[in-house]
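Take 56 as the starting number for the sequence shown in the numbering used here and just add one per residue. Quick reminder that beta carbons are idealized off the backbone N, C-alpha and C, glycines included. None of the values given here were measured: they were computed from a predicted structure. I have placed the structure first, in the form of structure tokens, so that the comments after it can refer back to it.
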Amino acid sequence: MTRTGIGYDSHRFVEGRPLILGGVAIPHSHGLAGHSDADACAHALTDALLGAAGAGDIGRLFPDTDPAFKGADSIRLLALAYERVQAKGFRAVHADLTVILERPKLAPWVERIAAGLAAPIGLAPADVSVKAKTNEGMGFIGRGEGIAVIAVATLEAA
Ligand code: MG
Numbered sequence: 056m057t058r059t060g061i062g063y064d065s066h067r068f069v070e071g072r073p074l075i076l077g078g079v080a081i082p083h084s085h086g087l088a089g090h091s092d093a094d095a096c097a098h099a100l101t102d103a104l105l106g107a108a109g110a111g112d113i114g115r116l117f118p119d120t121d122p123a124f125k126g127a128d129s130i131r132l133l134a135l136a137y138e139r140v141q142a143k144g145f146r147a148v149h150a151d152l153t154v155i156l157e158r159p160k161l162a163p164w165v166e167r168i169a170a171g172l173a174a175p176i177g178l179a180p181a182d183v184s185v186k187a188k189t190n191e192g193m194g195f196i197g198r199g200e201g202i203a204v205i206a207v208a209t210l211e212a213a
């Protein structure tokens, strides 16, 4: 039996923060605002995994009011959430992400982002797909105010 979950996350671009996606620091004029390191790829994937397992969501596991998670490494949070997934009797088999942003161009980085997301959930990089696209200049993403990430994860009974 397999189960599928979906996750979504968005973060606002600000000056003076690093841009971290999949645990990879990507050179850019702006980073993402957030209580943790604001790794929107890790957050969306975490919610997809938790959703597939019926194990709650990232906000319930790691409240942004908790000082313990201030500046947190979201890859570490992903690993902790995956322990919950495994405790429910599942393991990840595949994930697919779409990152929606105008800039920077992510094409040179998608394989490293995929590798960064795959390792903490016991997958090979080839089992995590990361795609980037623009929002054709429309809306908050089009204006360069922030990014959004959609993730889908598939689990099977361990
Ligand atoms: Mg987030």
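Residue i in three-state terms, based on DSSP
{"i": "H90", "result": "coil"}
{"i": "F195", "result": "helix"}
{"i": "T209", "result": "strand"}
{"i": "G114", "result": "helix"}
{"i": "S129", "result": "helix"}
{"i": "A203", "result": "strand"}
{"i": "D102", "result": "helix"}
Residue i Cβ short of 7 Å to the ligand MG heavy atom set
{"i": "T92", "result": "A small fix is needed here, since residue 92 is Asp in this sequence, not Thr. Every heavy atom of the ligand MG is 7 Å or more from the Cβ of D92, so no."}
{"i": "G126", "result": "no"}
{"i": "G106", "result": "no"}
{"i": "G216", "result": "The displayed coordinates of the chain run from 56 to 213. Any statement about residue 216 would go beyond what the structure contains."}
{"i": "D182", "result": "no"}
{"i": "A206", "result": "no"}
Given residue i as reference, the closest of the options once Cα atoms are compared
{"i": "V140", "options": "G177, D94, V69, I168", "result": "G177"}
Chain-order list of residues whose beta-carbon lies under 7 Å from that of residue i (same chain, five-residue window excluded)
{"i": "A212", "result": "M56, G144, F145"}
Answer yes if the region 185-195 comes into contact with the region 155-173, meaning at least three C-beta pairs across the two stretches below 8 Å, and no otherwise. yes
contact_flag[the region 159-169, the region 69-88] where n(CB pairs < 8 Å) is 3 or more: yes
Using 8 Å as the threshold, is the region 145-163 in touch with the region 187-207, meaning 3 or more CB pairs across them? yes
Touching or not, the region 85-93 and the region 122-129, by the rule of three or more beta carbon pairs under 8 Å? yes
Per the contact definition of three or more C-beta pairs closer than 8 Å, is the region 70-79 in contact with the region 104-118? no
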